[in-house]
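Engineer: Shown below is the structure under consideration.
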Amino acid sequence: MEPDVALTDYGLTIECAVLAILLYKQARRGNAMRFWFVTLFAALGFGACLGGTEHGFIADKTSRLHGLVWSATLISTGVAAVAAWAIGARLLFSGRVVHYITSAAVILFGIYSAIVLWRIRDFWIAIVHYLPASVFLLTAFLIEYRRSLSRYLGAGVAGLGLTFVAATVQQAGIGLHPIYFNHNALYHLIQALGFLLIYCCARGLIAAQLGKKHVNAS
19 MEPDVALTDY
29 GLTIECAVLA
39 ILLYKQARRG
49 NAMRFWFVTL
59 FAALGFGACL
69 GGTEHGFIAD
79 KTSRLHGLVW
89 SATLISTGVA
99 AVAAWAIGAR
109 LLFSGRVVHY
119 ITSAAVILFG
129 IYSAIVLWRI
139 RDFWIAIVHY
149 LPASVFLLTA
159 FLIEYRRSLS
169 RYLGAGVAGL
179 GLTFVAATVQ
189 QAGIGLHPIY
199 FNHNALYHLI
209 QALGFLLIYC
219 CARGLIAAQL
229 GKKHVNAS
């Protein structure tokens with residue numbers, strides 16, 4: 019039904035899958051930063067796959083199938099929010115504070131999922147849930163970038179910034195063509211670049227964490 023939106027959504031799915039696999043292979047098990055970045059890209063990719071299916075193939079928006087696909091899309095956004103909270107917490111804090119923030123994010127996700135499954139399935143509920151996590155992660159990237167001036171953290175700041183630009187473009191209805199490349203397709207295109215930059219940041223952070231472990235072991 020919407021080939022431009024569906025295809026760009028599936029393109030995001032492939033991108034996120036590749037980035038998640040590359041990050042998974044970068045470090046051994048037990049690397050918390052790797053785990054949460056892989057979770058972030060897996061959730062974003064799964065949500066994009068569901069979004070492509072919904073935009074491309076489900077015409078009846080009142081059908082049970084649409085309800086299931088849309089609910090799963092919203093929940094995948096919630097998983098991405100948990101990952102964002104966890105990554106930001108590990109950048110800014112240590113010890114019990116990280117545990118408390120991550121636990122609170124998981125509890126909040128449980129409440130959010132219950133609301134999505136049994137009461138509210140509007141897109142605004144996903145925005146309310148995901149936006150604070152994104153702002154928190156962006157703040158963490160900015161603070162760490164000011165401390166270290168590392169290029170990979172600069173890439174993370176730029177990447178997250180682009181996701182906010184993408185959301186603005188989508189909400190404003192800005193597209194390259196009303197039929198062949200609408201605002202949703204442009205939103206996905208900008209997201210794709212943002213995700214690539216966040217991946218570069220993830221690689222740097224995981225490598226830095228591995229380096230610290232190596233120094234501590236020595």
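Using the working numbering, you'd call the opening residue of the sequence shown number 19 and step up by one each time. We treat Cβ as the ideally placed atom computed from N, Cα and C, and that holds for glycine. Being a predicted model, the structure only gives us computed values, none of them experimental.
Using only the alpha-carbon positions, how far apart do Asp22 and Arg165 sit?
Structural biologist: 41 Å
Engineer: Where do the N-terminal and C-terminal ends of the alpha helix (DSSP H) with Met51 fall, by residue?
Structural biologist: 50-75
Engineer: Go ahead and pull the three-state DSSP assignment for Phe182.
Structural biologist: helix
Engineer: Phe75: buried (16+ other C-beta within 10 angstroms of its C-beta) or exposed?
Structural biologist: So Phe75 ends up on the exposed side.
Engineer: Rounded to a whole number of angstroms, what is the C-alpha to C-alpha distance between Leu83 and Phe182?
Structural biologist: 30 Å
Engineer: How is Phe111 classed by DSSP in three states: helix, strand or coil?
Structural biologist: coil
Engineer: Restricting to Cα atoms, I'd like to know which of Arg52, Leu92, Val36, Thr80 is closest to Phe141.
Structural biologist: Leu92
Engineer: Touching or not, the stretch 178-195 and the stretch 129-144, by the rule of three or more beta carbon pairs under 8 Å?
Structural biologist: no
Engineer: Around the C-beta of Ala38, are 16 or more other C-beta atoms found within 10 angstroms, so that it is buried, or is it exposed?
Structural biologist: buried
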